[in-house]
Structures are given as C-alpha cells and as structure tokens.
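For the sequence shown, this note's numbering gives the first residue as 49, with consecutive numbering after it.
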Amino acid sequence: MPSVDSITAELQSLDRQYQIHPFTNHSDMHGTGTHIVQRGDGCYFIDETGTPILDGLAGLWCVNVGYNCREIVEAVTAQMTQLPYYPSFFNSTTEAPIRVAEFLAKHAPARLNHTIFSNSGSEANETALKVIRGYWKLKGQSQRRKILCRTYAYHGVTLATTSLTGLVNCQEPFDLPLEGFVRIPGPYHYGARSELTPEDYGRWCLEETRRIILAEGPETIAALFAEPIQGAGGVIIPPKGYLSGLREICREFGILYVSDEVITAFGRIGAWYASEMWELDPDIICVAKGITSGYLPLGGTMVSDEIAEPLLKGGYFAHGFTYSGHPSCCAAALANLRYIEDHGLVTKVKDDLGPYFEAKLANLAAHPAVSEVRGMGLIGAAELVPKGGRDALTPTSLLGAKASNLVRAEGAMVRGIRDLIAISPPLVISREQIDSLFASVERGLDKLWD
Ligand code: PMP
C-alpha cells in the first residue's frame, strides 16, 4: 500500500498541475505544499499529517453545526435516494424548498415572507440586484438604478457583486467596479485611524452617506447593500446608532435596504438574523453559508411582501438557476436549521458561548501584538501590530497571514486578513474548546511577536 506521505505528495503534485484555487497566491502555496484536508470531526478537521486542527473559522464562516451532523447526512441521503434533483421550473417544485422557505419566513423579521433560492452568497446578492431592478421598473421608477455600497464590504465574486464589494484587491485585477455602484464609507474606525470616537465616526459616516445621496440624486438610487457586521472586510462591528441611522436614511429617501446576512444569519451573533437584533426591518435579506452549515451549496434572497407583490403579479419572472431550490441542498438546509432550533444553538450563543467568547477575545487585547479586538457572539477579530507599533505597518504588510500560519502550527485555524486575524468557530463549540482556541491563538501570536 502506498504510504500516506506518498499519496499526499501525489495529490499535491496533481493539484499543482490541474487546479486553480480561489483567493490564493499559487506560488506561495506550491512552495509550501497544498494542505490536503482528510476528515472532519465536530469542531476539528484533520489534515494530511493526521493532526486534528480546531477550526476557529468554521470552514469559511459556515460550518455552524460542526463536521459530523448525522441529521444532515441522513436527510440528504434520504432525499438523494428518493429524488436527487428536480428543478423548480415548469410550474413544479419539490417538498424540501417549500419547507425551507416556510422555515426562513417564520424565523425572519416580519414582512420577509418570500425566498428566491440560488447556490451561493454571490448568487443571492446578484439575484437581489436583479429583483431590485425589476421591482423599480414595475413600480414605474426605472431611473432608480444606482446601488449604494460600503468600503470594506464583501458581497461576492460575480461582476456585479464584486462591484458591490468595497475591497480594492478584489476589484483592481478585473477593472471593477461597474458603473452605477456608488461607494459610501463603511464604519471601520480602526482602519480610518480616526481621532473621533467610534460612535462619532459612525455619525460622520452617516453624514457622508447623506451628502453622497443628495449629490447623486436620491431619486436615482435603487438600494443600499450592507452586511450588519462586515466579515471578510475585517469583522467590522457597527458602532452604536450607526445601522439604525443608515436604515433611517434609506427610509427617508425611499431607498431599499438590503441586509447581507451571508455570515451573520442563523445564530452566529446570537440571533436568527442580525437584522432582527438591530431592528433593521430590511426589504431584502440575503443568506447562504450557514443555511446548510456548508454541507451543500445553497443561497437565498428573502424579499418583503411589498417587493414580492409586484413580482408575483408582474407576469413572467425571468430569473432563476438550474439548481434554484435544489431538493438535496434544501434537505441539508432543513435538517441543519431544525438542528439549530432543536439544540437551542441561537440562545446558547446569545446567553452562554457568545459572552464567553467575547470575554476571551477581550483578554487577547492584552497581548503585545494586539492593538484592538472586536467581536460579537461567535465572531471576532484581533488587529495586529509589529514591534515598531502601528506606524511601522506598511501597506503590503500581511501580519494576518503570518499569524494564521503560526496559529495553525499551534493547532487552530483562524483567518488572516490584512494585518488582522478573524475568528468564527462552529456554534457547537464548547467552552473548553474556546479556551483551547484562544490558547493556540496566544501561542501563535507569541511566536509572531518573537
Ligand atoms: N456576502 C457575504 C457577507 C459573504 O461573507 C460572502 C462570502 N464570504 C458572500 C456574500 C459570497 O458568498 P459565496 O462565496 O457563497 O458566493
């Protein structure tokens, strides 16, 4: 039998030859060798060396119920055996998407009673963009075309959702954004190096938003997209009063409010939806990731009754994917959502694990390499500084990637972004595992500091 090492070497070589990875520096990866992850077990994944690594990122902010949820596997197996796939075209559908749409509506903020299914967060946002165009056209206001979006936002990888995204490194290689995407400041107080308090900085962002809307012409603006907590942009927690202020501005100018909850929905911050926690009453919520805990791909665009009504009466709805409402993916979602509900995971994050995680994160602020921590529920970030202090940071400094490699060597996975690390473990993590996660982070940061 070939040894594990020789199989790994073969896979790494084939990977180098045949696969292009998402968001990856291939020369770096090929230099060190691609990790070939073998198995999952609860909150751990096991890599090619057989080492269990505590997954402080839940895959990619999504494996909320951990890696071996029997209920999801059984539900998908049953669905695949009975009917692996049938489209929701031709005046047809299957049971699973109906049940998931009902579940989503029952747990969502009032008004959001209709879901359009897709396969990813990008497609959920792309669908929202098209629905918004269609909606304003049906309302006789086709001049409302522009979309407001924020710096440090992340909304996906299609041409339009990369245009929504407010990260230069995602846009610059593709000459994006497209026309019609209007940038407003996101509330990244630390990144702005602002002298203001976070709350005052949030107020400044709102004043700027209002100024930009008036300059563009409010009657030309269709919608605003906002993640309640900006995730991939660096886990940016909105300062007090900011999100409600943003919502209020949209209401004042008749601009639709889209809450991108691809990371925040389904319990991560101790609520089914972050929009409910901040009482945002959005017109649209976009979901993906945690809807299936990543077991199968699924996205959803949940729209309000007001938006659904003209669409439902407006004749032929000319949008949808081959796999919209895929029964096997929806079976995974239903089993996952029921698991979250039956095990009280949302309340557990709110009352127990979230506060515990936040306290551990607050302790991390004492580490010499850490200059700020931010967190809420089971999502957090630590901004890192080199020994020379913040002024020694260079624009190309990537302390986050260095730190995440060092933390991984200490047995836990976190994500490096710019000069920070982001943490978002599965919702089934225990207090002891949270201790162990932060111990690995501290050891990794000790090495970074050395
Ligand atoms: N929106 C948000 C807030 C996200 O975090 C992501 C993915 N990180 C997306 C959209 C895009 O989702 P996907 O990668 O499934 O297309």
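By construction, the Cβ of each residue, glycine as well, lies at the ideal position given by its N, Cα and C atoms.
Asked, Found
"Alpha helix (DSSP H) segment containing residue 216, residue limits", "216-219"
"Residue 109 Cβ short of 7 Å to ligand 1 heavy atom set", "yes"
"Span separating the alpha-carbon of residue 234 from that of residue 116", "37 Å"
"Bridge partners - residue 369, DSSP secondary structure assignment", "DSSP lists no partner for residue 369."
"Contact belief for residue 249 with residue 287 at Cβ below 8 Å, rounded distance in angstroms", "7 Å"
"Burial state of residue 246, where buried means 16 or more other Cβ atoms lie within 10 Å", "buried"
"Buried or exposed by the 16-neighbour rule on C-beta atoms within 10 Å, applied to residue 461", "buried"
"Straight-line Cα distance separating residue 418 from residue 448", "11 Å"
"CB of residue 173 within 8 Å of CB of residue 388, strictly", "no"
"Host beta strand (DSSP E) of residue 425 (start-end)", "Residue 425 -> no beta strand (DSSP E), and no H or E assigned at all."
"Identified DSSP bridge partners for residue 164", "349"
"Length of the line joining the Cα atoms of residue 467 and residue 443", "10 Å"
"Presumed contact (8 Å Cβ cut-off) between residue 210 and residue 218, rounded CB distance", "6 Å"
"Of the residues 329, 456, 242, the one placed nearest residue 291, counting alpha carbons only", "329"
"Span separating the alpha-carbon of residue 256 from that of residue 202", "20 Å"
"Same chain, Cβ closer than 7 Å to residue 353, neighbours up to 5 away in sequence not counted", "159, 161"
"Where the beta strand (DSSP E) containing residue 194 begins and where it ends", "194-198"
"Cα-Cα separation between residue 96 and residue 71, rounded to whole angstroms", "21 Å"
"Buried/exposed call for residue 22, threshold 16 Cβ in 10 Å", "Nothing in the structure corresponds to residue 22, since the chain is present only between 49 and 498."
"C-beta atoms of residue 270 and residue 180 nearer than 8 Å", "yes"
"8 Å Cβ cutoff met for residue 183 and residue 359", "yes"
"Nearest-angstrom Cβ-Cβ length linking residue 343 and residue 120, presumed shorter than 8 Å", "5 Å"
"Reduced DSSP category for residue 468 - H, G, I as helix; E, B as strand; rest coil", "strand"
"Pair within 8 Å by beta-carbon distance, residue 331 and residue 355", "yes"
"Any non-hydrogen atom of ligand 1 within 7 Å of residue 498 CB", "no"
"Those residues which DSSP pairs with residue 341 across a bridge", "Residue 341 pairs with nothing; no bridge assigned."
"Span of the alpha helix (DSSP H) around residue 182", "169-186"
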